[in-house]
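Written out below as structure tokens is the structure these notes cover.
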Amino acid sequence: MGSTVNSPSTPIIIPSSPLQTSFIPKTSQLSIFKKKKPFNFASKKLVSCKASDRNQKNADSSSLNRFDRRDILLGLGGLYGATNLVSDTFASAAPIAAPDLSLCENSTVTSSSSGTSMSVPCCPPKATNIIDFKPPRFSNIRLRPAAHLVDANYLEKFTKAMELMKALPHDDPRSFKQQANVHCAYCNGAYDHVGFPDQQLQIHFSWLFFPFHRFYLYFYERILGKLIGDPNFVMPFWNWDSTPGMVIPDIYVDPTSPLYDEKRNVDHQPPKMLDLDYAGTEELLSKRDQIKSNLSVMYRQMVTYKTPSLFHGAAYRAGDNPSPGMGSVENNPHTAVHRWVGDKREPFSEDMGNFYSAGRDPLFYAHHCNVDRLWNIWKSLPGKKRTDFTDTDWLDSSFLFYDENANLVRVKVRDCLNSRTLGYDYQKVNIPWLKNKPTPRRPGRGSGSGSAMAAESNTKTVIRNAFPIVLDKLVRIEVPRTKKSRTKVEKENEEEVLVLQNIRLDRDVAVKFDVYINDEDDETPTEPEDSEFAGSFTNIPHNHHNPGEKLDTKLTLPLSDLLEDLDIERDDNIVVTLVPKEGKGLVSIGNIKIDFVRD
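Residue numbers (UniProt numbering): 1 to 599.
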């Protein structure tokens, strides 16, 4: 549960308009053809190194020939041997390439609210040799344990491994500092796309989120095992999706332990229960109500998101603008846990509350082990589309990590789709959220409630053609539906979704807003346990290498189950309510429409 908002007595109602609905191309159509800021280069400099000073590079580029992304991909096809790019009429094969470490630059960390900024060196040591990843050989599957269930023998091993990692020289790529910097570099503007020196590489807000973090944890774990001479060592997961794990595990709160981090929210130490709908302020909920809220968040984010793009996030290819759109778990509860743990007393909400510093807290790795575990669970739930992408642009996207022997290793997404291929799985624990499906606030409203709400809205303040909307107050928008009363087979083939496009905000601000469907109550806020609660948008503060460049992304929320639960599948329209919970007035939305997802 996040902080509540006092709804204004006269909420804004925005009726539908044909110009604001279904005439904008789908993201899948835009990924190849969309217009981008042209990439400038001189043909004889195509393989030259990037200047270390971006300002000088940008100044020098003004006189160069101008080409768009498709030209670059065709050129790179011949340059790097990717001949399949040329054979495709539209040069669509464009997996994200592992970054060039020699071109890594410092991250810039800013705070729009305070006006402060700093430069953070988080580039890894350079290496002249890169090894291509090969799956490990093993005789048994290692099981990562729930952190709240580990015994004294395990804790002794884990503590020793972390002590040794923290004792390594800072320039050792396996050291605690350098491993924390991995997240900083990939997530806070230190790298550009190979071949696109003006396009930042960002592994969040897209389909790269799960595979990047899986490999990150895999090598981190291998390093720890090597340090204590135990190749079977595994890291624990923070089981925050189950009631016994909804507090910070005891092994991380001992100030004398290498698992401790002093930069955590002092108000959220045990026995304080985690809030998976956290919005920056404290909710005065009973323990029972907090558990109910948390389990409802988990059900919605895991069960109702039934396709690869809804779960993993939007496609992200070489040359694309960063942050095309988050998947379900990345958006929430992943973000809520980061923000709930981060220390609000620190200038940039360090450690967990900012991408650049999150890896400095040992709890980060337990948190992401649970996120990784949820990837496994999602694919095991009923539904024929709960599979990973088969798009080679995803499968062949690559990253670089240092292994336990300090070798630089290039990995591809296709090598991590099954955790058991990497030699590990997770301890089996109870999954209570499977039985916590949200329920309607007002059951029995039935078909026509959306039209009734729209008609009622005519008596309230109406703003027509108001996009972009600045979320400085509660806003209601009537959105038309193009397909109604669909059959079970039709719903299995296509998921009806609500798409909020061109969500724009400063990257370095914490933002959360909630989305409700056909919610008529202006007095009592809708909560995660209500079917009318469609989802939220959240942001962890981070930065781009071009200060001031705003985050421009989208939010896609599944509707099929929600419409059925509210008994409004035959309605011509729905009424969407947007409620700012954190960052009021700091985010705008360019358009809202209903679409259908088939992947």
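Backbone N, C-alpha and C fix where the C-beta goes; we use that ideal spot for every residue, glycine too.
Computed from a predicted model, the values in this text were never measured in an experiment.
query	result
How would you call Q290, buried or exposed, if buried means at least 16 neighbouring beta carbons within 10 angstroms?	buried
Is it right to say S286 is buried, meaning 16 or more other beta carbons lie within 10 angstroms of its own, or is it exposed?	exposed
Hey, quick one: how far does the beta strand (DSSP E) through Q501 stretch, first residue to last?	495-505
With DSSP collapsed to three states, give me the class of L363.	helix
To which residues of the same chain is H338 closer than 7 angstroms at the C-beta, ignoring the five residues directly before and after it?	M352, G353, A358, I540
Roughly how many angstroms lie between the CA atoms of Y191 and N407, to the nearest whole one?	20 angstroms
What are the boundary residues of the alpha helix (DSSP H) that includes L164?	152-167
Take K344 and list the residues in its own chain whose beta-carbon comes closer than 7 angstroms to its own, dropping the five residues that flank it on each side.	N265
Helix, strand or coil: which one does DSSP assign to R441?	coil
Is the separation between the beta-carbon of L559 and that of E496 shorter than 8 angstroms?	yes
When the Cβ atoms of the stretch 504-511 are set against those of the stretch 561-570, are three or more pairs found closer than 8 angstroms?	no
Can you name, in chain order, every residue of its own chain whose Cβ lies under 8 angstroms from the Cβ of S398, other than the five neighbours on each side?	P95, I96, A97, A98, R410, V411, K412, V413
With distances taken Cα to Cα, identify the nearest neighbour of E365 among R137, F215, P125, T577.	It is Tyr, not Glu, that sits at residue 365 in the sequence shown. Of the candidates R137, F215, P125, T577, the one whose C-alpha sits nearest the C-alpha of Y365 is F215.
Please work out which residues of its chain come closer than 7 angstroms, Cβ to Cβ, to K437, disregarding the five sequence neighbours upstream and downstream, and give them in chain order.	Y299
Relative to the C-alpha of R598, which candidate in E582, I469, Y305 has its C-alpha closest?	Y305
Exposed or buried, what is G229 when buried is set at 16 or more other beta-carbons lying within 10 Å of its beta-carbon?	exposed
Can you check which of these residues, D425, D519, Q179, is closest to L562 by C-alpha distance?	D519
Taking C-beta to C-beta, are H544 and G319 nearer than 8 angstroms?	no
Taking the straight line between their C-alpha atoms, what separation do you get for N370 and L474?	34 angstroms
Short of 7 angstroms in beta carbon distance, which residues of its chain neighbour G383, apart from the five on each side in sequence? Order them along the chain.	K306
Among E532, L400, H312, which has the Cα closest to the Cα of H204?	H312
For residue 607, tell me which candidate among E262, V182, S113, D151 has the shortest Cα-Cα distance.	Nothing in the structure corresponds to residue 607, since the chain is present only between 1 and 599.
Do I248 and Y424 have their C-beta atoms closer together than 8 angstroms?	no
Short of 8 angstroms in beta carbon distance, which residues of its chain neighbour V509, apart from the five on each side in sequence? Order them along the chain.	S112, S113, N539, P541, G583, L586
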